[in-house]
Amino acid sequence: MKLITQDKEFFPSRMEEKLSFVYKLGFDGFEIDGRLLIEELAEVKAAVRSTGVPVASACGGYRGWIGDFSSERRSQAIKDIGEILQALADVGGKGIVVPAAWGMFSKRLPPMVPPRSDSEDTAVLLDSLERLNSLAKDTGTLIYLEPLNRYEDHMLNTLGSAAKLIEEGGFSSVRLTADAFHMNIEEADLRKSIVQNKEFIAHVHIADSNRYQPGQAHLDFGYFFSALSEIDYGGNVVFECRVTGDDPIERYRESCCFIRSIVGNSDT
């Protein structure tokens, strides 16, 4: 497994310096914002070449959602994601993380009844994913479909619900992001969920149960990574978290070391 990080406010702003800094912290690569990738594509390509640190994937940076209530915003999301996939292919990235939506609606918060039925949600997501599957095929990349917790999205909350959608559509270039933070809220048993959906998991996000860097709260990362080891997961593990502590750089370095020690133990 490779440990990857998203951007942080204490990272350098220039891409070459940022990637070098990431490597010195102990990470193997970088997950970039999609819009930043497009706007600074030449600089990103040059930085990857000069540092040898890969831009492994993208997350965010597009307008609208693939499950948007607005057909115009949904089309915009698909268009933007297609452009990000092309840029990712140019820098050797593998795929982009895509939830159904984020912060658009929750059945656990008022008004609790969405403007679209469950079957309509499914039809919309299948249509969007079919179009994205084609774009990903053309660029040799992947869509990493990410279930979110019930307070951030009302459509896809578990690995099983997202895997069912992939199966129904027969999408060869759509796979799952298993996010430890969201799974800690939604999955009854993290290990069971990972094992049951092993053929679809191609990307992993981690944060502790309080959304800060791993090692700050009560999520059992030993259990989580033992499940990944059980399915022979060899892909990327991306830190998607805030960072707390009096010295964020050192605390983040310690968190990377903490996870690396667990990964080493889970592989033995």
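Residue numbering for the sequence shown follows the working numbering, starting at 1053 and increasing by one per position.
Glycine is no exception: its CB is placed at the ideal position from the N, C-alpha and C atoms.
Since this is a predicted model, take the numbers as computed values, not measurements.
query                                                                                                                                                               : result
Looking at TYR1285 and VAL1295, is the spacing between their C-beta atoms short of 7 angstroms?                                                                     : no
Is it buried or exposed for ARG1115, if we count other Cβ within 10 angstroms and need 16 for buried?                                                               : exposed
Specify the secondary structure class of LEU1161 as computed by DSSP and reduced to three states.                                                                   : coil
Can you tell me the Cα-Cα spacing of THR1229 and VAL1105, whole angstroms?                                                                                          : 22 angstroms
Comparing the C-beta of GLU1198 with each C-beta of chain B, is any distance below 7 angstroms?                                                                     : Reference to chain B is not applicable here, since this structure consists of a single protein chain.
In the DSSP assignment, what residue or residues form a beta bridge with TYR1264?                                                                                   : ARG1294
CA-CA distance, GLU1083 and GLN1058?                                                                                                                                : 5 angstroms
Would LYS1070 be called buried (16 or more neighbouring beta carbons within 10 Å of its own) or exposed?                                                            : buried
Does DSSP put VAL1074 in a helix, in a strand, or in coil?                                                                                                          : helix
Using CA atoms only, rank isn't needed, just tell me which of GLU1068, SER1122, ILE1218 and PRO1166 is closest to SER1102.                                          : GLU1068
Counting only the same chain and skipping the five closest in sequence on each side, list residues whose C-beta sits under 8 angstroms from that of PHE1335.        : An answer regarding residue 1335 cannot be provided, because it is not within the stretch 1053 to 1320 covered by the chain.
Starting from HIS1234, follow the beta strand (DSSP E) in both directions and report where the run begins and ends.                                                 : Here HIS1234 belongs to no beta strand (DSSP E); instead the alpha helix (DSSP H) covers 1232 to 1238.
For the alpha helix (DSSP H) containing GLY1134, name the first residue and the last one.                                                                           : 1123 to 1143
Going along the chain, which residues of its own chain have a beta-carbon closer than 6 angstroms to the beta-carbon of ALA1259, five neighbours each way excluded? : PHE1233, GLU1292 and CYS1293
Per DSSP, SER1109 forms a beta bridge with which residues?                                                                                                          : GLU1083 and GLY1147
How many angstroms separate the CA atom of ALA1152 from the CA atom of SER1127?                                                                                     : 13 angstroms
When the Cα atoms are used, what is the spatial distance from VAL1143 to ASP1173?                                                                                   : 34 angstroms
Do you know how far the Cα of TRP1117 is from the Cα of LEU1181?                                                                                                    : 11 angstroms
Quick one, which of LYS1250, ASP1299, GLU1124 and ALA1098 has its alpha-carbon nearest GLU1061's?                                                                   : ASP1299
Cβ of PHE1252 within 7 angstroms of Cβ of ILE1283?                                                                                                                  : no
Going by DSSP, name the residue or residues bridged to LYS1054.                                                                                                     : ASN1288
Check the C-beta distance from ALA1129 over to LEU1089 and give it rounded, since I have them as a contact under 8 angstroms.                                       : Their Cβ separation, rounded to whole angstroms, is 16 angstroms, which puts ALA1129 and LEU1089 out of contact at 8 angstroms.
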